[in-house]
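Enquirer: Taking my numbering, the leading residue of the sequence shown gets 6, the next gets one more, and so forth.
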Amino acid sequence: MPQTPHIERHFTASQTVRDIVIGMADGLTVPFALAAGLTGAIASTGIIVTAGMAEIAAGSIAMGLGGYLAAKSDAEHYESELSREQREVIEKPEAERHEVREIFRDYGLTEEQIAPIITAFQSRPEDWVNFMMRFELGIEKPEPTRARNSAATIAGAYIGGGLIPLMPYMLMSDTNKALVISVCLTLIALFIFGFIKGRFTGARPLRSALQTAFTGGLAATAAFAIARAIS
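1. Between which two residues does the alpha helix (DSSP H) holding Ser-65 run?
2. Starting from Tyr-112, follow the alpha helix (DSSP H) in both directions and report where the run begins and ends.
3. Going along the chain, which residues of its own chain have a beta-carbon closer than 8 Å to the beta-carbon of Tyr-163, five neighbours each way excluded?
4. Alpha carbon to alpha carbon, how far is Ser-155 from Ile-95?
5. Going by the CB atoms, is the gap between Phe-126 and Phe-136 shorter than 8 Å?
6. Using the C-alpha atoms, what's the distance from Thr-158 back to Leu-211?
7. Can you name the start and end residues of the alpha helix (DSSP H) that Asp-179 belongs to?
8. Which of the three DSSP states is assigned to His-15 in this structure?
9. Which whole-angstrom value is the C-beta distance of Ala-214 and Phe-205, which I expect to be below 8 Å?
10. Would you tell me roughly how many angstroms separate the C-alpha atoms of Ala-230 and Gly-42, rounded to the nearest one?
11. Grab me the residues of Arg-209's own chain with a C-beta within less than 7 Å of its C-beta, minus the 5 sequence neighbours each way, in chain order.
12. Between the Cα of Ser-128 and those of Gln-216, Ile-144 and Pro-98, spot the shortest distance and give me the residue it belongs to.
13. Looking at the structure shown, is Gly-143 part of a helix, part of a strand, or coil, going by DSSP?
14. Where do the ends of the alpha helix (DSSP H) carrying Pro-130 lie?
15. Just mark Ile-12 as buried or exposed, buried being the case when its beta carbon has 16 or more other beta carbons within 10 Å.
16. Going straight from the alpha carbon of Arg-102 to that of Gly-72, what length do you get?
17. Counting only the same chain and skipping the five closest in sequence on each side, list residues whose C-beta sits under 7 Å from that of Glu-86.
18. By DSSP, does Arg-151 sit in helix, in strand, or in coil?
19. If you reduce the DSSP assignment to three classes, tell me which class Ala-208 lands in.
20. Quick check: Leu-171 and Gly-57, are their CB atoms within less than 8 Å of each other?
21. Note down the Cα distance separating Phe-196 from His-82, rounded to an integer number of angstroms.
Right under this line is the structure:
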């Protein structure tokens, strides 16, 4: 009988999701806190929108720059460790062979099973170095465009998230009514965002949605309380 081919589907965009989570979470909470904190102290929705847009612009730039620098640091760290491993394979081969043995012993392999692997690595130094980077140091080679993509993703997610709580203030003149709708929209957005995040990451979507809404709502409440106290 013909067999259905086994196809494995694994999620491989965890870094992108992490960047979206960082940008969207801050984008939803910080501009909301600013707008909510100004509500009541300032009667004009126009001023609140202007302040909110200025915050979104500054926040997206700062968050994007932070993501860029973090990704660049990861790339520089990888290159530094790669150079070190390349030197050690040449200058300290016995120590590196010992480390390979230790790694495979942890997987339950015997000396007889490990020996041909070490022999193969000695004739393929590049693969040996890549193996040590991944299994000894636990470092994956970053994508060449990681820093740029991270900055753009975080900044874009921040802008997208920040516009949601500001939207009622753009469409309404009553700041108090705009605040109520802004709260509802922010919580709904957090719930939907958490649900989608759960679907992508393999977590339970409903649980992820509730956790995201609760955590984001708690952060927004704390930020709102501080902003209101200051204003």
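Virtual Cβ for every residue (Gly too), placed ideally from N, Cα, C.
Expert: In short:
1. 50–96
2. Per DSSP, Tyr-112 belongs to no alpha helix (DSSP H) and is neither H nor E.
3. Gly-28, Met-29, Asp-31, Gly-32, Ile-61, Gly-64, Ser-65, Met-68 and Gly-69
4. 35 Å
5. yes
6. 25 Å
7. Careful: Asp-179 lies outside any alpha helix (DSSP H) and carries neither H nor E.
8. For His-15, the pLDDT reaches just 44, beneath the cut-off of 50, and the residue's location in the model is therefore unreliable, although a value from the coordinates is still provided. Looking at His-15 - three-state DSSP - the assignment turns out to be coil, as it is neither helix nor strand.
9. Contact flag wrong, Cβ pair sits at about 12 Å.
10. 7 Å
11. Gly-203
12. Pro-98
13. coil
14. 130–136
15. Note that Ile-12 has pLDDT 44, beneath the 50 cutoff, so the model's placement of it is unreliable and no number is given.
16. 37 Å
17. Met-138, Leu-142 and Ile-144
18. helix
19. coil
20. yes
21. 36 Å
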